[in-house]
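Working notes, beginning with the structure itself.
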Amino acid sequence: MIHFPLLRTRRLTVQLRELSITESVAIASMPTHLEEASCTAFLRAAVASAQGIDDPAAWTVQERMLAVAHYLAATAEDGPDFALGEGHYSDYLDGAADIQTQAPQIEVGEVGGDTWHIRHLTGAMAESIERMTGEVQDASGKPLSGRLHWILGAMAAQMVRSGESVPDADMAEGAFDEFMVARMKIMGAFPESDFSALMALYFAGREKLHHLFKTEFSEDGIVAMPKGGAAANLPPARFPVHTCLSRMARELVGKPDESGL
1 MIHFPLLRTR RLTVQLRELS ITESVAIASM PTHLEEASCT AFLRAAVASA QGIDDPAAWT
61 VQERMLAVAH YLAATAEDGP DFALGEGHYS DYLDGAADIQ TQAPQIEVGE VGGDTWHIRH
121 LTGAMAESIE RMTGEVQDAS GKPLSGRLHW ILGAMAAQMV RSGESVPDAD MAEGAFDEFM
181 VARMKIMGAF PESDFSALMA LYFAGREKLH HLFKTEFSED GIVAMPKGGA AANLPPARFP
241 VHTCLSRMAR ELVGKPDESG L
């Protein structure tokens with residue numbers, strides 16, 4: 001049995017445990033393009049206890065990355081500072097920048113006569129963005145995909161007008177997905193100048209919410225950027241949950257060669 005040190009942040013105290021083979025096989029069987037859904041399933045299985053916020057779907061995407069990396073740090077053959085491509089885990093984790101005790105919703109500025117605020121991107125929000133790939137089209141009817149889909153989805157989930165009532169991401173999946181698609185379509189129909197201004201506010205606000213990892217969007221979803229300094233020139237990294245699973249579990253479902261760190 002593998003021992004996992006207690007994971008502590010300002011909001012969370014988490015004890016992880018080793019997965020059983022049946023749990024590993026179930027997660028390995030999940031579609032590879034549903035990384036955020038796989039992450040939630042993995043963390044719900046791997047978390048033995050959590051204080052602060054119980055459900056990993058309600059954690060920020062950075063907190064989820066940290067928990068997955070904490071599991072890898074205890075299980076990777078090359079040790080706690082495991083390799084990530086040309087770099088190492090320590091090149092991406094900004095442990096000095098933790099989240100505030102209460103996850104804030106902060107004001108970021110005005111666009112189109114509305115004052116906007118930004119809130120943290122949670123696992124449940126990221127799962128919805130992932131599920132809704134292809135559900136929003138451009139003016140020619142072509143489905144949005146890749147980085148544009150993720151940026152638009154994150155803006156729809158995180159940006160809130162003053163006085164606006166928006167649903168929590170932990171409501172029924174279908175209802176939140178409907179909200180997300182409708183909101184993405186509305187934002188996608190903004191005049192280009194307004195959308196550009198709102199996107200600038202979004203990126204500026206995201207910097208103010210920075211904690212643990214500097215996140216960005218790639219064609220495939222959420223990635224961690226190097227924290228700077230000597231690591232500044234390293235490429236983005238991901239912490240896919242299948243790298244936490246044994247080769248045996250992956251082979252049993254016909255996925256032995258997956259990588260992605």
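Residue numbers for the sequence shown follow the UniProt record's numbering, beginning at 1 and rising by one. Virtual Cβ for every residue (Gly too), placed ideally from N, Cα, C. In this text the structure is predicted, and so the values were computed from the model without any measurement.
Just measuring C-alpha positions, the residue of D194, T60, D177, L84 sitting nearest T40 is T60. With contacts defined by Cβ atoms closer than 8 Å, M65 and L212 form a contacting pair. The beta-bridge partner set that DSSP reports for R44 is empty.
Between A157 and M180, the C-beta spacing is below 8 Å. Assignment of beta-bridge partners to P143 by DSSP yields Q137. Remark: C-beta atoms of A197 and V111 approach each other more closely than 8 Å. With contacts defined as CB atoms closer than 8 Å, K208 and D94 fail to qualify as a contacting pair. With a 10 Å radius around the Cβ and a threshold of 16 neighbouring Cβ atoms, K142 comes out exposed. The beta carbon of D138 sits closer than 8 Å to those of L144, G188, all from its chain and outside the five residues before and after it, given in chain order. V241 is positioned such that its CB atom lies no closer than 8 Å to that of V25. As the crow flies, the alpha-carbon of S29 is around 39 Å from that of A200. A distance below 7 Å between beta-carbons, with the five flanking residues on each side excluded, links E23 to the following residues of its chain, in chain order: A45. The Cβ neighbour count for M171, taken over all protein chains shown within 10 Å, is under 16; the residue is labelled exposed. In this structure R119 does not touch D177 by the C-beta definition: roughly 18 Å separates them, more than the 8 Å allowed.
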